[in-house]
Amino acid sequence: MAKKKKIVDSEKVRQLITEINKHIFDSDAADGPERDLMIEDLKFVYDEEGQWDKRTKTQRAGRPCYTFNRVQQSVNQVLGEQRQNSVSIKIRAVDDKSDPDLAQVQAGMIRNIESSSNADSIYKDAFKYAVAGGFGAWRVLPEHRNDFSFDQEIFIKPIHNPLTVYFDPLSLDPIKRDQSHCVIAERISKDLYKSLYDSAPVDIMTADRDDRGWINSEGVRIAEYFKKVPVRKEIALMSDGRVVPYDRELKKIEKELLDVEGAPTIERTRTVETFNIEWYKVDGSNILEGPIVYDWKYIPVVKLPGRYVNIEGRQKTQSLIRPARDAQKMYNYNRTTESEMVGNALRAPYMVTAEQIKGYEKQWNEAGSANRPYIVYNSDPKGGGMPQRSAQAEVPAALIGMSQQDADDIKAATGFHDASLGMRGNESSGEAIKSRLRSADLGSFEFFDNLKTAIQFTGEIILDQMPSVYDTERVVRILGLDGEEDFQLINAYDEASDSSLGMSQGRYDVTVDLGPTFATQRSESFSNLLSAAGVMPIIGDIASDLIMKNSDAKDTDEIVKRLRKDLVARGVAEPTEEEAEQIAAQGSPPPDPVQEALVADAMSKAELNQARAVQTQADTMETMVDTEIKKTKAPIEIKQDKVDLVNSTFPDRRDR
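The sequence shown: position 48 = 48 (our numbering), numbered continuously.
Here's what the structure looks like:
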C-alpha cells in the first residue's frame with residue numbers, strides 16, 4: 001500500500017527542487033544530442049519541409065526545393081509489420097512456493113490490464129516514435145477504479161511526447177530497468193495551472209532554453225519525479241508460501257495466529273536491503289503533490305529504444321531512417337535540379353528583333369507563363385523569318401545517374417529494396433521472393449526485439465505492483481489468449497477450487513511471445529484446416545468443429561455447438577464438462593420411429609441372410625456326404641460290372 005507524507009520544511013523543499021533540476025540538467029547533457037537528432041528525424045519523415053535544412057533553402061532563395069520522400073514508406077513497412085503481430089505476456093512459477101494456477105490468473109489479469117488500458121495503441125504509438133525518431137516511452141501506474149471506490153487497479157498509460165521524459169543518464173539498461181531517477185515534465189496552460197494549483201504560486205525560473213525551462217509564454221511545466229530510495233526491511237515467510245512485510249501489524253498478531261486453527265503462521269523472518277519508490281509532483285519551486293512512497297522495485301517508466309548501442313559509455317539510440325538522411329537530401333537536391341532544368345528548357349527565350357514584337361510586348365513578356373493560342377508578331381525582313389526559340393538545354397546524363405545512385409543508397413541504408421516495397425524484382429520463384437522479403441525483415445528485427453523486451457519489462461513492473469495494489473479480497477476479471485473473459489476471487493479462500501490465491505504468494509517471472517495476432521493466427525488456421533480437409537476428407541469429418549471455430553463467419557458459435565453434438569454423439573469428440581452436464585440433464589432421448597423401423601428392417605434382413613447362410617451350409621454338407629458315399633460305392637459297382645461281363649461272355653464258366 002502506498003504511503004503519503006507531507007513535506008512542510010522549506011529547506012527540504014528547496015533541496016528537492018535542486019535535486020530535480022540537477023537530474024534534468026544531467027539527463028539533458030547526456031541525451032541532449034540524441035533528443036535533437038530525434039526531432040530532426042521525426043521532421044525528416046513527417047514534416048513536408050523537414051528534408052531541407054535552412055542553410056540550403058536560404059542559398060536557393062527563389063528557386064524550387066522539392067521533396068521526394070522515399071524513407072517514409074520504409075517506416076510504414078516496419079509499422080505495418082508490427083501491427084500484424086502481437087506480444088503475449090506469460091507468467092511462470094519460479095519455486096516450489098509458487099502456484100501455477102496463480103501464475104495463470106496473473107497472466108489473465110495482465111491481459112485484462114492491457115485491454116482496459118488500450119495498451120495495444122500505446123505500444124503502437126511508442127513503436128512509431130522508436131522507428132521514426134529513435135525511442136518511445138510509456139508508463140505504468142495504479143489508479144482508483146472509479147470516483148466512488150477505494151480499490152485501485154493498474155493501468156498502462158501513454159507518454160505522447162517521449163521528449164518530456166528525462167531518464168537516468170547513469171542507467172545502462174536500454175529500457176531503463178535499472179534507473180534510479182526519472183522525471184516526466186509536461187507543459188500545461190497557466191489558466192489550467194491556476195485552476196488545479198491555485199494555492200501554489202509560480203516562481204519564474206531562468207533556463208538556457210525556454211522550452212526546457214519551468215515557465216514561458218506558453219505555460220507552466222509540471223514535473224513528476226520518481227526516485228528510488230534504498231531501505232532495510234524485515235520480511236516474513238508464511239506457512240502458506242506467501243512472503244509479506246514483517247511490520248508492526250504482523251508482529252502484533254503473531255502470537256494470536258498460533259491459536260487460530262487453519263491460520264497461516266510465520267515460519268521465519270529476515271532483514272533485506274531493498275528499495276522503495278518515492279513520487280513527487282512539482283512546478284519548479286513548489287511541491288504540488290507527494291511524496292508518495294511505493295513498495296516497488298522499479299520506477300514504472302519504460303523506454304522503448306529503436307536501434308541501440310553504447311559507445312565509450314555514451315548511450316546512442318537511432319531511428320530506421322537516420323543512416324539514409326544524407327542520401328535522401330542528395331536525392332531531393334538532384335531531382336529538384338532535374339525538374340528545374342526541364343522547366344527552364346520549356347521556357348527557353350525567343351530570338352526576335354525589336355521590330356517583330358513592337359506593339360505586342362505584353363504578349364511576348366507573358367509567353368513563358370500565359371497559355372495563349374497564338375502570339376502576334378511583325379514581319380521584319382531583317383529578322384530572317386518568324387521568331388524562333390533558342391536551343392533547349394538537355395538534362396545531363398550524369399545528373400540522372402546521380403539521382404538513381406541516391407535512390408539505391410536510400411534502399412541500402414534502410415534495408416528495404418524494391419521487392420520489400422512491393423515492386424517486382426528479378427526473383428521468379430516463391431522461395432526467392434520470400435528470401436528477399438526475409439532480408440528486409442531481418443534488417444528491422446532489432447526494433448521488434450526491443451519492443452518485446454520493453455513489453456516484458458512492463459509485465460515485470462505490473463507483477464511487482466500487484467501485491468501492493470491488489471491487496472484486498474476482491475473479484476478480478478481475467479482474459480484468455482483468445483479474449484474470452486472470466487472472473488476470479490483473489491486474496492481469499494475459494495471453496496470451488498479449494499485454494500487461496502494471494503498476490504504475494506511465491507515467486508514468478510515474465511516471458512513474452514512475439515507472433516501474429518490471434519485474429520491472424522485464427523485466419524491462417526482456418527485456411528490451413530480447409531486445405532488439409534480437401535486433401536484428407538477424414539479431417540473434415542472428425543474436426544469440423546475446429547474448422548468452424550477458426551472461421552469469421554456469422555453465427556459461428558451456434559454452428560460449432562451443433563457440430564459438436566453430432567461429434568460427441570458419434571464418440572468422435574470427448575464432451576466438455578458443460579456438454580456432459582447437459583447430456584446427463586436431458587437423459588436418454590425418446591426413440592425415433594423412423595430410426596426404429598430402419599433398425600427393425602435391418603435386423604430382419606440380417607436374420608434372413610443368416611437363415612440363408614445356414615441352409616447353404618446344410619446343403620453343402622449334404623453334397624459332401626453324397627460325394628463320399630459315391631466314392632465308397634464306386635469300386636464295388638465296378639467289380640460287379642466286371643463279373644456280369646465275364647458271365648455273359650463265357651456262359652459255360654458260370655456252371656463251373
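A virtual CB, placed ideally from N, CA and C, is assigned to each residue, including glycine.
Supposed contact pair residue j and residue i - C-beta distance, whole angstroms, cut 8 Å
{"i": "Cys65", "j": "Thr337", "result": "Actually they are not in contact, since the Cβ atoms of Cys65 and Thr337 sit about 11 Å apart, beyond 8 Å."}
{"i": "Val686", "j": "Phe275", "result": "Because the chain here runs from 1 to 656, residue 686 falls outside it and cannot be looked at."}
{"i": "Val282", "j": "Val165", "result": "Going by Cβ atoms, the distance from Val282 to Val165 rounds to 16 Å, so no, they are not a contact pair."}
{"i": "Val510", "j": "Glu579", "result": "With 8 Å as the limit, Val510 and Glu579 do not qualify as a contact, their Cβ atoms being about 35 Å apart."}
{"i": "Ile113", "j": "Ala103", "result": "Actually they are not in contact, since the Cβ atoms of Ile113 and Ala103 sit about 16 Å apart, beyond 8 Å."}
{"i": "Glu273", "j": "Leu237", "result": "That pair is no contact at about 17 Å."}
Which of helix, strand or coil DSSP assigns to residue i
{"i": "His160", "result": "coil"}
{"i": "Arg35", "result": "helix"}
{"i": "Ser10", "result": "helix"}
{"i": "Leu567", "result": "helix"}
{"i": "Glu19", "result": "helix"}
{"i": "Ile184", "result": "strand"}
{"i": "Gln328", "result": "helix"}
{"i": "Leu288", "result": "strand"}
{"i": "Val78", "result": "helix"}
{"i": "Met509", "result": "Correcting the residue identity first, residue 509 is Asp in this sequence and not Met. Three-state DSSP puts Asp509 in a strand."}
{"i": "Met402", "result": "helix"}
{"i": "Glu684", "result": "Coverage of the chain is limited to positions 1 through 656, which leaves residue 684 absent and any answer about it impossible."}
{"i": "Asp151", "result": "coil"}
{"i": "Lys358", "result": "coil"}
{"i": "Ile113", "result": "helix"}
{"i": "Asn334", "result": "helix"}
{"i": "Asn85", "result": "strand"}
{"i": "Arg212", "result": "Bear in mind that the predicted position of Arg212 carries a pLDDT of just 48, short of 50, making it too unreliable to give a figure here."}
{"i": "Ala93", "result": "strand"}
Cut-off 7 Å between Cβ atoms - residues of its own chain near residue i, not counting five sequence neighbours on either side
{"i": "Pro100", "result": "Ala93"}
{"i": "Asp406", "result": "Ala327, Met330, Tyr331, Asn334"}
{"i": "Ala126", "result": "Gly136, Ala137, Trp138, Leu304"}
Sequence-distant residues of its chain with Cβ nearer than 8 Å to residue i (five each side left out)
{"i": "Gln388", "result": "Tyr350, Met351"}
{"i": "Lys124", "result": "Leu79, Gln82, Arg83"}
{"i": "Arg145", "result": "Asp151, Gln152, Glu153"}
{"i": "Lys255", "result": "none"}
N-terminal and C-terminal residue of the alpha helix (DSSP H) that residue i is part of
{"i": "Leu141", "result": "Taken as a continuous stretch (DSSP letters only), Leu141 belongs to no alpha helix (DSSP H), being part of the beta strand (DSSP E) at 135-144."}
{"i": "Ser444", "result": "Ser444 -> no alpha helix (DSSP H), and no H or E assigned at all."}
{"i": "Phe673", "result": "Nothing in the structure corresponds to residue 673, since the chain is present only between 1 and 656."}
{"i": "Asp191", "result": "190-196"}
{"i": "Leu546", "result": "544-549"}
{"i": "Lys251", "result": "248-259"}
{"i": "Lys57", "result": "54-59"}
Residue i, buried or exposed, once every other Cβ within 10 Å from all chains shown has been counted against 16
{"i": "Tyr374", "result": "exposed"}
{"i": "Pro33", "result": "exposed"}
{"i": "Val376", "result": "exposed"}
{"i": "Lys252", "result": "exposed"}
{"i": "Val342", "result": "exposed"}
{"i": "Ile258", "result": "Strictly speaking, residue 258 in this sequence is Leu, with Ile absent from that position. By the neighbour-count rule (16 or more Cβ atoms within 10 Å), Leu258 is not buried but exposed."}
{"i": "Val220", "result": "buried"}
{"i": "Val260", "result": "exposed"}
{"i": "Tyr360", "result": "exposed"}
{"i": "Met548", "result": "buried"}
{"i": "Leu172", "result": "exposed"}
{"i": "Gln404", "result": "exposed"}
{"i": "Asn450", "result": "buried"}
{"i": "Gln582", "result": "exposed"}
{"i": "Glu40", "result": "buried"}
{"i": "Leu320", "result": "buried"}
{"i": "Gln77", "result": "buried"}
{"i": "Thr265", "result": "exposed"}
{"i": "Arg325", "result": "buried"}
Residues near residue i in its chain [Cβ-Cβ closer than 6 Å; skip 5 each side]
{"i": "Ser217", "result": "none"}
{"i": "Ser180", "result": "Asp168, Lys228"}
{"i": "Asp380", "result": "Thr353, Glu355, Gln356"}
{"i": "Arg307", "result": "Gln318, Glu446"}
{"i": "Pro174", "result": "Pro305, Tyr308"}
Extent of the continuous beta strand (DSSP E) to which residue i belongs
{"i": "Gly219", "result": "219-238"}
{"i": "Thr274", "result": "266-282"}
{"i": "Arg177", "result": "From DSSP, Arg177 is part of no beta strand (DSSP E); its letter is neither H nor E."}
{"i": "Thr317", "result": "314-318"}
{"i": "Pro381", "result": "Where Pro381 is concerned, there is no enclosing beta strand (DSSP E), given that its DSSP letter is neither H nor E."}
{"i": "Arg477", "result": "474-479"}
{"i": "Asp486", "result": "485-490"}
Beta carbon proximity, residue i to chain D, threshold 8 Å
{"i": "Gln51", "result": "In the structure shown, chain D cannot be found, because there is only a single protein chain."}
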